[in-house]
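Enquirer:
Residue numbers (our numbering), protein chains in the order written: chain A, 1 to 330; chain B, 1 to 281; chain C, 1 to 283.
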């Protein structure tokens, strides 16, 4: 009676009708799991690859220029002097202008979409914003060159100069292509992402908060300000930083309207240059090794600051999510 | 005999299951399909069921009853190792299926599950598949290719699940287009198609209307001549109608296990009696 | 006195509402403006020549962008060869296997990768392939776009797989079907529409990218016959023409832009049609 059969054999022999079925191959499950794991680990591999390629490609420049790279404003391929300050300045200023324009508009639109708009408008408006997000950077740049710049040069900039020319930012010759134009076009590019993330954040604010404020007799705006915005502070800030990350890396549209001149001027009407733009413009024309390495180093700097911005944004968004789940539990 | 304080409208009249079964399988001396010995399962540190020892006879219907949270579904799922899917679980003790421990380290859960099938509370025919594909998916994905075998099994399973006449006209319509009761019978046909020896049923009729429920219960009585059936139910009347033996679980422990008639008319344990008479739910 | 203060609060609220509405209008205004000019400036140049002829030599009027349109298609195909398998299978791992902490880390890294400027991918592939083979190539361009697609597709695949109810997994396993077959033939099959949608969205996103191609695919005035040669691409061509001094090229740039936008919007419309009734995160 007690024959020593392995449990697998014993269970298998009980039902002869199952003879038709093939026995499962245990290695197949393990192999599939390993395959998918390897693919998932690709993201880790990718980020290491990017960092490594940029580091390797720039090590000569890093060792030759050291910290001066970030503080010198001489960019002269002929004499092999490379300082990235004009580009850092350009990226910073254009992104700042973009945020100043885009953030109020985006958050106001997100508020409109979640709190104020009649229901029939919401989905179409969201679709329109998604369409704006889908427009490639180069096409926006095309529009920038042939429509926006002429208009700015002919109308907006002279008006700004006459109204605000006493400040250092709005005097100086007007060319059309300018730091300000760069900032404006970046603003158009980041409007959709800030709006969409902000909208998700606002939508996730539990209705209980709003209802409580209404019950206390608050006006619409007060409900929004007190119950919704303060609750969503972290998330909204995360949305803004996400937009900043996008702004820092914006390449094509900016290159087409900013003027591509490595200089640091107070006037916003002066042409500028960003980290991404210099790579786009000069990479294929880098004749010497050190020139190419300097551009790689610019890429490294750009990579660093966008990673930093995205990290901060993700952390902020995550703290918002955590706060929501703990509050929901309560 | 303790007088119940509330009179139950339908004091259970078991449907004398012994009379509907073929005479050659008397309930008491049937061979055991499962010999469970001191089985416990832990979610992390908490024990969901503790020290359960029970012999489930083959080719009979065994019902598992008890209040919510008593571990009856958990126990059922131990019998086909469904807890393997849940992280952080630990099993102690043994569960022998015709003499072999299904929890032995070298036993293959996939093979076990081909012998021990399961029907779930919420019917779940695969949404992208037709009626025929649903029934045959177990066979096809386990390597059966021969058209003849597949067609024969398709008809046989659907007939055994009392669904053939209702779907034979269009076997290629989507599985989800059937009614609730039909979907559940489709799931039963799907489980039967791989020719298991045991059918575990986790509250199979609780989401169905009374007529569909009746059809499923009739089905269970017919199927038990060929399959060992273990059914979890929160409906005591159903347990009385459908099962030969009944096990009462409470707070993760097996309190009493006996022939259905005896459990419902003359339970040995006070807890069992309290539950049956409705003292607690 | 109280009534006065209350009226003031109401006025502020009304003002805020008006401002918010104006903001919404301002946000979609660029969309209207860009579309208007695309149509006005581009439609005139869309003709049979545009879709069938190669670019003319510098300075000459006429010609078309057929090689750029086909080139974009080739690059997308190459990108898909890398992006789709790695992305989908990686998404499967995140949804079906793995422990909570490692998966959280992988998701985080994927999200961070999605924020890397696209030009950086170009720089990386330049160092990896272009320098090594000493030439720009379609392969390099496809690789740059494909690497971009991986984190995108991974996240969308994971999201749709997580939406498949657990009941189907349980039912399949209860039939004695092995884990990997359950995942491939039941779970992924159920989520197939969502997976395809995610892939299409990645296509739409990557089809318009110029920066990563600037020094990988590089562009080509003629047909590409060899994956190891430079290849033309629609966004690249638009850029080159736009910044050139030639009137005729500007005209063609608008035409190319119109074609590109129509292509992308077609893909997005297909996606919207496939997901009617369900929410999909686009950005």
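No residue lacks a Cβ here, since even glycine has one placed at the ideal position from N, Cα and C.
All values derive from a computational prediction rather than experimental measurement.
#1: Assuming contact is defined by CB atoms lying nearer than 8 angstroms, are residue 74 of chain A and residue 83 of chain A in contact in what I supplied?
#2: Please confirm whether residue 139 of chain B has its beta-carbon closer than 8 angstroms to some beta-carbon of chain A.
#3: Going straight from the alpha carbon of residue 224 of chain B to that of residue 204 of chain B, what length do you get?
#4: Within 10 Å of its beta-carbon, does residue 249 of chain B have 16 or more other beta-carbons around it, so buried, or fewer, so exposed?
#5: Using 10 angstroms around the beta-carbon of residue 146 of chain C, count the other beta-carbons present and answer buried if the total reaches 16, otherwise exposed.
#6: For the pair the region 174-182 of chain A and the region 147-160 of chain A, tell me if three or more CB-CB distances fall below 8 angstroms.
#7: Could you run through the region 6-30 of chain C and flag, in chain order, every residue whose CB is less than 7 angstroms away from some CB of chain A?
#8: Using a Cβ-Cβ distance under 8 angstroms, would residue 213 of chain C count as near chain A?
#9: Assign residue 256 of chain B to one of three DSSP states: helix, strand, or coil.
#10: Check distances from the C-beta atoms of the region 19-46 of chain A to those of chain B and list, in chain order, the residues that come in under 9 angstroms.
#11: Below 7 angstroms CB to CB, which residues in the same chain sit around residue 280 of chain B once its five sequence neighbours on both sides are set aside?
#12: By Cβ distance below 6 angstroms, which residues in the same chain neighbour residue 150 of chain C in space, the five residues on each side in sequence not counted?
#13: Since residue 92 of chain C meets chain A, which of its residues come closer than 7 angstroms, beta carbon to beta carbon?
#14: Leaving out five residues before and five after residue 253 of chain B in sequence, what residues of the same chain have Cβ atoms less than 6 angstroms from its Cβ?
#15: Can you pull the chain A residues whose beta carbon is under 9 angstroms from the beta carbon of residue 248 of chain C, in chain order?
#16: Identify each residue in the region 129-157 of chain B for which the Cβ-Cβ distance to at least one residue of chain A is less than 8 angstroms, and report them in chain order.
#17: Taking C-beta pairs closer than 8 angstroms, name the residues in chain C that residue 85 of chain B reaches, listed in chain order.
#18: Considering only the beta carbon of each residue, do residue 255 of chain C and residue 125 of chain A sit closer than 8 angstroms?
#19: Residue 229 of chain C versus chain F: which residues are under 9 angstroms apart at the beta carbon?
#20: With a threshold of 8 angstroms between beta carbons, is residue 141 of chain C in contact with chain A?
#21: Note down the Cα distance separating residue 72 of chain C from residue 206 of chain C, rounded to an integer number of angstroms.
#22: Using 8 angstroms as the cut-off, can you tell me whether the region 273-282 of chain A makes contact with the region 155-167 of chain A, which would need three or more C-beta pairs spanning the two stretches below that distance?
#23: What's the gap between the Cα of residue 146 of chain B and the Cα of residue 90 of chain C?
#24: Of the residues that make up the region 186-212 of chain C, which ones have a beta carbon closer than 9 angstroms to any beta carbon in chain A?
#25: Rank A:219, A:184, A:238 and A:182 by C-alpha distance to the C-alpha of residue 202 of chain A and give the top, closest one.
#26: Could you check if residue 190 of chain C is buried or exposed, using at least 16 other CB atoms within 10 Å of its CB as the buried criterion?
#27: Touch check for the region 149-159 of chain B and the region 99-117 of chain B: three-plus C-beta pairs under 8 angstroms?
#28: Counting only Cβ pairs nearer than 7 angstroms, list the residues of chain A close to residue 37 of chain C.
#29: In angstroms with no decimal places, state the Cα-to-Cα distance between residue 69 of chain C and residue 253 of chain A.
#30: Once the 5 residues before and after residue 41 of chain A are set aside, which same chain residues still bring their CB inside 8 angstroms of it?
#31: So, is residue 72 of chain B buried or exposed, given that buried needs 16 or more other C-beta atoms within 10 angstroms?
#32: For residue 194 of chain B, return the contacting residues in chain C, with the cut-off set at a CB-CB distance below 7 angstroms.
#33: For residue 201 of chain B, does the three-state DSSP call read helix, strand or coil?
#34: From A:272, A:321, A:311 and A:319, pick the residue whose C-alpha is nearest to that of residue 108 of chain C; which is it?
#35: Round the Cβ separation of residue 62 of chain B and residue 262 of chain B to the nearest angstrom and send it over; I've been treating them as touching at under 8 angstroms.
#36: Using beta-carbon positions only, say whether residue 231 of chain C and residue 141 of chain C come within less than 8 angstroms of one another.
Expert: On the basis of the coordinates in this document:
#1: Yes, the pair counts as a contact, with Cβ atoms nearer than the cut-off.
#2: yes
#3: 15 angstroms
#4: Around the beta carbon of residue 249 of chain B, 16 or more other beta carbons sit within 10 angstroms, so the residue counts as buried.
#5: buried
#6: yes
#7: 9, 10, 12, 13, 16, 17, 19, 20, 21, 23, 24, 26, 27, 28 and 30
#8: no
#9: Three-state result, residue 256 of chain B: strand.
#10: 20, 21, 22, 23, 24, 26 and 29
#11: 67 and 274
#12: 83, 86 and 87
#13: Neighbours of residue 92 of chain C in chain A, taken as residues at a C-beta separation under 7 angstroms, are given in chain order as 36.
#14: 50
#15: Near residue 248 of chain C there are no residues of chain A at all, since even the closest Cβ is about 14 angstroms away, more than 9 angstroms.
#16: Correct list: 139, 142, 143, 144, 146 and 149.
#17: Listed along chain C are 169, 170 and 173, each with a C-beta nearer than 8 angstroms to that of residue 85 of chain B.
#18: no
#19: You won't find chain F in this structure, because its protein chains are A, B and C.
#20: no
#21: 10 angstroms
#22: No contact exists between the region 273-282 of chain A and the region 155-167 of chain A.
#23: Cα to Cα, the separation comes out at about 35 angstroms.
#24: 204, 205, 207, 208, 209, 210 and 211
#25: A:238
#26: Classification of residue 190 of chain C: buried, given that the 10 Å Cβ count is 16 or more.
#27: no
#28: Under the 7 angstroms cutoff, chain A gives 143 and 147.
#29: Approximately 21 angstroms between the Cα atoms of the pair.
#30: none
#31: Buried is the call here.
#32: 175 and 176
#33: strand
#34: A:311
#35: Residue 62 of chain B to residue 262 of chain B, Cβ: 14 angstroms. No contact.
#36: yes
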